[in-house]
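**Q**
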Amino acid sequence: MEQARRMRYLDALGVPVYVRREGQIQPPPPPGGGWGEGAEATNGSMSASAVCPHPNPPPEGEGVQKQSSWDDLQRQVAACTACQALVSNRTQTVFGVGNRQADWLIVGEAPGADEDRQGEPFVGKAGQLLNAMLAAIGLSRESVYIANILKCRPPANRDPAPEEAANCEGYLLRQIELIQPRLLLSVGRISAQNLLQTDAPVGHLRGRVHRYGERQIPLVVTYHPAYLLRSPDQKGKAWDDLQLALRTFRSLS
Ligand code: URA
């Protein structure tokens with residue numbers, strides 16, 4: 060990406076940029092100086108790391124039907140009543156948005172109030188920051204696909220319950236099968252813990268490349284943009300994660 064444009068994106072992201080005399084962009088040093096934080100340093104290599112156990116099969120019946128087309132899947136999600144607490148609270152389901160042949164699939168947590176109203180993921184303040192994060196690595200919102208662990212807004216934006224995530228899993232799995240993304244970017248704790256079937260915090264999961272599912276899709280974890288809005292001092296780490304994701308993608312044959 061042309062440097063001036065990149066600088067504007069980084070500025071929008073709130074990431075301080077340190078410029079070498081010869082004009083090369085450097086990622087910002089994390090608090091305390093230096094480029095990495097011990098084991099979490101990102102070096103762009105596909106480190107041997109957690110390989111996701113095979114995800115649960117999609118639920119039958121109420122959930123996704125095998126081999127569903129995009130249209131079928133969208134209808135099944137819109138008609139889903141698997142989670143009573145969510146159904147009675149939702150304005151509409153939030154299926155996902157973007158390029159159905161995308162190389163990058165971004166997976167968030169669940170719709171919030173704005174998304175529930177508009178029927179599209181990441182359209183609020185966190186969504187604006189996500190757009191800026193993607194733009195910083197040269198990706199438009201339209202070029203990727205964006206989905207969530209849950210298709211319905213949890214009441215008062217509480218964390219998704221494990222059974223709700225399990226009820227919804229089949230829909231995301233079918234989206235992944237249909238898209239066949241080459242890289243997953245998992246944003247936030249709920250997304251990462253569900254995709255990787257772990258209780259580990261994001262701070263332990265970020266900074267390395269995981270593998271997801273049977274196709275062993277590279278998966279990079281970063282902080283949720285809503286968290287970054289509350290903790291802007293963590294944006295430097297998110298920038299490292301985005302760079303790792305980009306290097307990983309570029310290294311794919
Ligand atoms: N946060 C998410 O995780 N997903 C959205 O769609 C919006 C906010």
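Basically the working numbering = 1-based index in the sequence shown + 59. From the three backbone atoms N, C-alpha and C, an ideal C-beta is built for every residue, glycine too. Note that this is a predicted model, so its numbers are computed, not measured.
(1) Just verifying my parser: in three-state terms, what is the DSSP assignment at Ser128?
(2) Let's test the definition: count the other Cβ atoms within 10 Å of the Cβ of Val146 and tell me whether it reaches 16, buried, or not, exposed.
(3) Within the region 160-205, note down every full beta strand (DSSP E) run reaching 3 residues or more, in order along the chain.
(4) Is the beta carbon of Leu311 less than 8 Å from the beta carbon of Met192?
(5) Give me, in chain order, the residues of the same chain whose beta-carbon lies closer than 6 Å to that of Glu236; leave out the 5 immediate sequence neighbours on both sides.
(6) How would you write the range of the beta strand (DSSP E) that Leu254 sits in, first residue to last?
(7) Regarding Asn207 and the ligand URA, is the C-beta to nearest heavy atom distance less than 7 Å?
(8) Is Pro277 a contact residue of the ligand URA, with contact defined as CB to any heavy atom under 7 Å?
(9) Helix, strand or coil: how does DSSP classify Val146 here?
(10) Which residues share a DSSP beta bridge with Leu243?
(11) Within 10 angstroms of its Cβ, does Leu198 collect 16 or more other Cβ (buried), or is it exposed?
(12) Roughly how many angstroms lie between the CA atoms of Glu201 and Leu188, to the nearest whole one?
(13) Along the chain, where does the beta strand (DSSP E) containing His269 start, and where does it finish?
(14) From the DSSP output, in three-state form, read off Gln135 for me.
(15) Taking the alpha carbon of Ile249 as the point to measure from, which residue in Asp218, Arg159, Gly186 has its own alpha carbon closest?
(16) Got a sec: does the ligand URA put a non-hydrogen atom nearer than 7 Å to the Cβ of His269?
(17) Using CA atoms only, rank isn't needed, just tell me which of Leu303, Pro291, Ala172, Pro221 is closest to Thr257.
(18) Just to confirm the assignment, what range does the alpha helix (DSSP H) spanning Ile208 have?
(19) Measure the Cβ-Cβ separation of Tyr271 and Leu244 and say whether it is below 8 Å.
(20) Would the beta-carbon of Val136 be found less than 7 Å away from any heavy atom of the ligand URA?
(21) Residue range of the alpha helix (DSSP H) that Gly262 falls in?
(22) So, are the CB atoms of Ala251 and Leu231 less than 8 Å apart?
(23) Suppose you measure from the CA of Asp299 to the CA of Tyr286; what does that come to, to the nearest Å?
**A** By the coordinates alone:
(1) As a position in the sequence shown, residue 128 is number 69, starting the count at 1. Coil.
(2) Mapped onto the sequence shown, residue 146 falls at position 87. With fewer than 16 Cβ atoms within 10 Å of its Cβ, Val146 is classed as exposed.
(3) Whole beta strand (DSSP E) segments, 3+ residues: 163-167.
(4) Taking the sequence shown and counting its residues from 1, the one referred to as residue 311 is at position 252. Taking the sequence shown and counting its residues from 1, the one referred to as residue 192 is at position 133. No. Outside cutoff.
(5) Counted from its first residue, the sequence shown places residue 236 at position 177. Nothing meets the Cβ criterion.
(6) One-based indexing of the sequence shown puts residue 254 at position 195. Unbroken run through Leu254 is the alpha helix (DSSP H), 248-255; no beta strand (DSSP E).
(7) Here the question's residue 207 lines up with position 148 in the sequence shown. Yes, the beta carbon of Asn207 sits closer than 7 Å to at least one heavy atom of the ligand URA.
(8) Counted from its first residue, the sequence shown places residue 277 at position 218. Every heavy atom of the ligand URA is 7 Å or more from the Cβ of Pro277, so no.
(9) Reading the sequence shown from its first residue, position 87 is the one you call residue 146. Helix.
(10) Counted from its first residue, the sequence shown places residue 243 at position 184. Leu243 is bridged by DSSP to Leu164, Leu278.
(11) On the sequence shown, position 139 is the one that residue 198 refers to. For Leu198, the number of other beta carbons within 10 angstroms of its own is at least 16, and it is reported as buried.
(12) Here residue 201 is taken as the residue at index 142 of the sequence shown, counted from 1. Here residue 188 is taken as the residue at index 129 of the sequence shown, counted from 1. Spanning the two alpha carbons is a distance of roughly 15 Å.
(13) The residue labelled residue 269 in the question sits at position 210 within the sequence shown. Taken as a continuous stretch (DSSP letters only), the beta strand (DSSP E) holding His269 covers 268-271.
(14) Here residue 135 corresponds to residue number 76 of the sequence shown, with the count starting at 1. Three-state result, Gln135: helix.
(15) Residue 249 sits at position 190 when you count from the first residue of the sequence shown. Nearest C-alpha to Ile249: Asp218.
(16) For this step, residue 269 is matched to residue 210 along the sequence shown. Not one heavy atom of the ligand URA sits closer than 7 Å to the Cβ of His269.
(17) For this step, residue 257 is matched to residue 198 along the sequence shown. Comparing Cα-Cα distances from Thr257 to each of Leu303, Pro291, Ala172, Pro221, the minimum goes to Pro221.
(18) Position 149 of the sequence shown, counted from the start, is the residue given in the question as residue 208. Taken as a continuous stretch (DSSP letters only), Ile208 belongs to no alpha helix (DSSP H), as it is neither H nor E.
(19) Within the sequence shown, the letter at position 212 stands for residue 271. Within the sequence shown, the letter at position 185 stands for residue 244. Their beta carbons are not under 8 Å apart, which means Tyr271 does not touch Leu244 by this criterion.
(20) In the sequence shown, residue 136 corresponds to position 77, counting from 1. No, since every heavy atom of the ligand URA falls outside the 7 Å radius drawn around the Cβ of Val136.
(21) Stepping through the sequence shown from its first residue, residue 262 is reached at position 203. 261-264 is the extent of the alpha helix (DSSP H) around Gly262.
(22) Counting from 1 along the sequence shown, the entry for residue 251 is found at position 192. Counting from 1 along the sequence shown, the entry for residue 231 is found at position 172. It is not a contact, given that the beta carbons lie outside the stated cut-off.
(23) Taking the sequence shown and counting its residues from 1, one reaches residue 299 at position 240. Taking the sequence shown and counting its residues from 1, one reaches residue 286 at position 227. Between Asp299 and Tyr286, the C-alpha separation is close to 16 Å.
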